[in-house]
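Since the structure comes first, as structure tokens, the remarks are kept for the end.
Residue numbers (our numbering), protein chains in the order written: chain A, 1369 to 1584; chain B, 175 to 668; chain C, 8 to 253.
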């Protein structure tokens, strides 16, 4: 704040206005002719193809995809976890009880400490939307998806997503997101290519991802 | 620096300059390039890295049948943001603060640094973890913090390598691409105390993962940049691959984001375009591993103290130039660097700026109001490959030529220009081209002059002065005995 | 058709044979070539080096000289790019509405040489004969500004006796870039080395392109290295016939 009372905020805004008065181009509409935008529907792929593509792209990331019926979620989840010797599993506070079969030790998130989260074997959550083209899954951290740290510290992530939640393109996915809520997009495990362009998976964040794809 | 030293010790020679990514003190591009061109390791690494990303990008672009539509939309979105920049920044500020965050405005780099330090002092923080941010490199934040007894730990693998190895980034997206695995192993073994560490990239990454985990769980304050600010929701978007970003924006109590004012986009839904073009352009992926979008403070989830520092630092200067302002559309994907045949030969350090390659060549001089980095607009053969790949359609060649004119026009006002060889030559040629008789006389004069030094068809292996730069590596054919127009006039009308 | 030839300042002075070849080809196809002697330079060198002020009168002069041409043929894609991409802006920035209008009227009649043949005259076989192993380099302006695409290759494929070999990295810049070749001579040479390597790998005897600026650059290093490869503008490849070889 300079002595005259002009703040940097004032100064920067004034510079912007002067610059735009001098040099701004004409107003223009945003041309939205890309796939999935507004009235331009994505290609006429049927639901089966879309879900098939979603599965393929997840496989490219070495994520396992298991198709289940709704009444099979709990049993299948327990089977997967125990087969991988993952016993201590964190779940969000709003995670459906019906998803928790006997076998693993289910730890509900009630402000769990970082130390606890660091020591569990995995996390299981719901999801908000899946994007087939990129094999991405978006969470909006609602009751069944949990705080962001839950899907960050554990080394294994099990995501339960319904076929009805899978769309083909990113614009379609955005149409389903609530702009007022936080979003985290996952597209495979963390990765780096910083050393000689060799792609290494699993830097920080879960290295292993399994997806339960729920069909009605 | 002796010739022998340049030939043999280019690593040492470069390390000497390695800290100079300050355009005010960096060597002009031709001089810096000359040194880096002799680093065979660097050239191999840069070529491999850029080829790899280019190949992946090309495959994905071919697959994306609406790619041009996405570029058109992305360019229009970015232009709209700039045209209404004040409005969108104010909208962002209101919504971000309504969500419990705090917005600060920094007119320049030193103010931004002071604001950050102020927040750190408020929370008695003597160490911070950082997500890679070009903006923080631009303002020299780490050095500033170090001078004020605050330790800043880089958490991106490449930035970690550079920090522990006391080096500088050479690429926007793959900053340590000039380093090979043996060099990384040596750095980690020494600084992390791991003498038995191998140079296998998996092992190196695992070492970094363990080393950083300790910091993520302990340090309470984080500093980051921002890929996008969203006006409509007061949102911040962080695009990353390694997960260190999510660590920094989830675990600490305080998060400070330093973001250039040009990063704002109007609507949440605009991300549906940019999150398609950015990952494909930057790393040749359909989507990068993690994207985090949120606004202000998320209750019970993440930092309690959220700060955004909006940085001008010359951006409003760029905005003033009708042709140059498109530079601010940049979303920092690095595709132009990967496509650039000049960058391919030199890597990033030669540009003497945090921003290298084609985007650096147009952004850096403009941020400095054309007082510095004047050699950068000339560090290009104007091939146009950058424009072709830019996801937001910045016409980089157009801006490069425009900035050359600004450099020349600055020079015109100076007395020294009267003695400038290039300017004299250009003025003379303009006069020669101005009319036919002068032009034909000049052609004849050149031929006459040549007869004095040349016989027959012998090519030139050496020429004096500026022309000698050609003959250092290339021969030059002698002027033909007859110009086209002489031939034409001789043949008469057919 | 009456086709006005803009030879370009550097072709006029350094590569007269290219102009002679253009004349030969167009006359062989039955057209009349005109050559307005007032022509000098399109202004690209000045404009690209930052001397826009000096480029403006040269541009204006060009437009006046060719204002009434039925068609303009230019054997240099960089000069065509200059005219198409920057003449309108030059006129605008100098408040020259008359020139702006004249440019708009002229542009549809103005062609690079291979564009003229394929697009305007609708011909890919010009009756040429050139029994050599040839590779083609895509000049940056032709590739990215003019979008010449496959046109030069179509012309080359129709040449009798010609063995066409693909050039790896044909889209990579050769490193000339006008004054760049001298102001950044080291990087320019590094880029040229990569291009030279690619040319030599084709084992071609001749490397051709639509721009003598690139070819002069490439020949400079090939000659220095005694590589046994020569460069030739596409017009010169197309000029030779079986009766009268190039």
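Each residue gets a CB set at the ideal place from its N, CA and C atoms; glycine is no exception.
Neighbour flag for residue i against chain B, beta carbons, 8 Å
i, result
"residue 1423 (chain A)", "no"
"residue 1416 (chain A)", "no"
"residue 240 (chain C)", "no"
"residue 94 (chain C)", "no"
"residue 73 (chain C)", "no"
"residue 21 (chain C)", "yes"
"residue 120 (chain C)", "no"
"residue 14 (chain C)", "yes"
"residue 194 (chain C)", "yes"
Element boundaries [alpha helix (DSSP H), containing residue i]
i, result
"residue 1484 (chain A)", "1482 to 1487"
"residue 80 (chain C)", "Here residue 80 (chain C) belongs to no alpha helix (DSSP H); instead the beta strand (DSSP E) covers 78 to 81."
"residue 1492 (chain A)", "Premise fails: residue 1492 (chain A) lies in the beta strand (DSSP E), 1490 to 1493, not in any alpha helix (DSSP H)."
"residue 7 (chain C)", "Because chain C spans 8 through 253 in this model, residue 7 (chain C) falls outside it and cannot be assessed."
"residue 479 (chain B)", "Here residue 479 (chain B) belongs to no alpha helix (DSSP H); instead the beta strand (DSSP E) covers 479 to 485."
"residue 181 (chain C)", "Careful: residue 181 (chain C) lies outside any alpha helix (DSSP H) and carries neither H nor E."
Sub-8 Å separation of residue i and residue j beta-carbons
i, j, result
"residue 505 (chain B)", "residue 452 (chain B)", "yes"
"residue 155 (chain C)", "residue 122 (chain C)", "yes"
"residue 1545 (chain A)", "residue 1518 (chain A)", "no"
"residue 1588 (chain A)", "residue 240 (chain B)", "The structure shown has nothing for residue 1588 (chain A), since chain A only spans 1369 to 1584."
"residue 19 (chain C)", "residue 610 (chain B)", "no"
"residue 657 (chain B)", "residue 43 (chain C)", "no"
"residue 536 (chain B)", "residue 493 (chain B)", "no"
"residue 256 (chain C)", "residue 11 (chain C)", "In the structure as shown, chain C begins at 8 and stops at 253. Residue 256 (chain C) is therefore absent and cannot be evaluated."
"residue 142 (chain C)", "residue 211 (chain C)", "yes"
8 Å Cβ cutoff, residue i in contact with chain C
i, result
"residue 546 (chain B)", "no"
"residue 208 (chain B)", "yes"
"residue 636 (chain B)", "no"
"residue 225 (chain B)", "no"
"residue 501 (chain B)", "no"
"residue 516 (chain B)", "yes"
"residue 656 (chain B)", "yes"
"residue 520 (chain B)", "yes"
CB contact below 8 Å: residue i versus chain F
i, result
"residue 61 (chain C)", "Of the protein chains in this structure, namely A, B and C, none is chain F."
Within chain B, partners of residue i - CB distance below 7 Å
i, result
"residue 190 (chain C)", "204 and 552"
"residue 1319 (chain A)", "There is simply no residue 1319 (chain A) to check, as chain A begins at 1369 and stops at 1584 in what is shown."
Residue of the options minimising C-alpha distance to residue i
i, options, result
"residue 1406 (chain A)", "A:1539, A:1552, A:1577 and A:1512", "A:1539"
"residue 181 (chain C)", "C:169, C:173 and C:200", "C:200"
"residue 1526 (chain A)", "A:1374, A:1500 and A:1434", "A:1434"
"residue 193 (chain C)", "B:438, B:212 and B:197", "B:212"
"residue 251 (chain B)", "B:530, B:503 and B:665", "B:503"
"residue 256 (chain C)", "C:96, C:68 and C:88", "Past the edges of chain C, shown from 8 to 253, lies residue 256 (chain C), and the structure says nothing about it."
"residue 1584 (chain A)", "A:1390, A:1441 and A:1511", "A:1441"
"residue 188 (chain C)", "B:651, B:647 and B:575", "B:647"
"residue 209 (chain B)", "B:520, B:553 and B:542", "B:520"
"residue 337 (chain B)", "B:321, B:358, B:346 and B:354", "B:358"
"residue 1494 (chain A)", "A:1554, A:1447, A:1547 and A:1398", "A:1554"
is_contact[residue i, chain A] using C-beta, thresh 8 Å
i, result
"residue 603 (chain B)", "no"
"residue 434 (chain B)", "no"
"residue 573 (chain B)", "no"
"residue 644 (chain B)", "no"
Residue i: contacting residues in chain B (beta-carbon distance under 8 Å)
i, result
"residue 224 (chain C)", "648"
"residue 1557 (chain A)", "463"
Where residue i meets chain C, residues with beta-carbon distance less than 7 Å
i, result
"residue 613 (chain B)", "47"
"residue 510 (chain B)", "Ordered by position in chain C, no residue passes the 7 Å Cβ test against residue 510 (chain B), which lies about 13 Å from the chain."
Delimiting residues of the beta strand (DSSP E) encompassing residue i
i, result
"residue 1525 (chain A)", "1524 to 1530"
"residue 550 (chain B)", "Careful: residue 550 (chain B) lies outside any beta strand (DSSP E) and carries neither H nor E."
"residue 1434 (chain A)", "1432 to 1437"
"residue 1497 (chain A)", "1497 to 1499"
"residue 280 (chain B)", "276 to 280"
"residue 434 (chain B)", "428 to 434"
Per-residue contacts from residue i into chain C (C-beta, under 9 Å)
i, result
"residue 608 (chain B)", "47, 64, 65 and 68"
Beta-carbon neighbours of residue i, restricted to chain A and to distances below 7 Å
i, result
"residue 583 (chain B)", "Near residue 583 (chain B) there are no residues of chain A at all, since even the closest Cβ is about 17 Å away, more than 7 Å."
"residue 354 (chain B)", "1564"
Contact set between residue i and chain B, taken where Cβ atoms lie within less than 9 Å
i, result
"residue 1396 (chain A)", "250, 253, 254 and 257"
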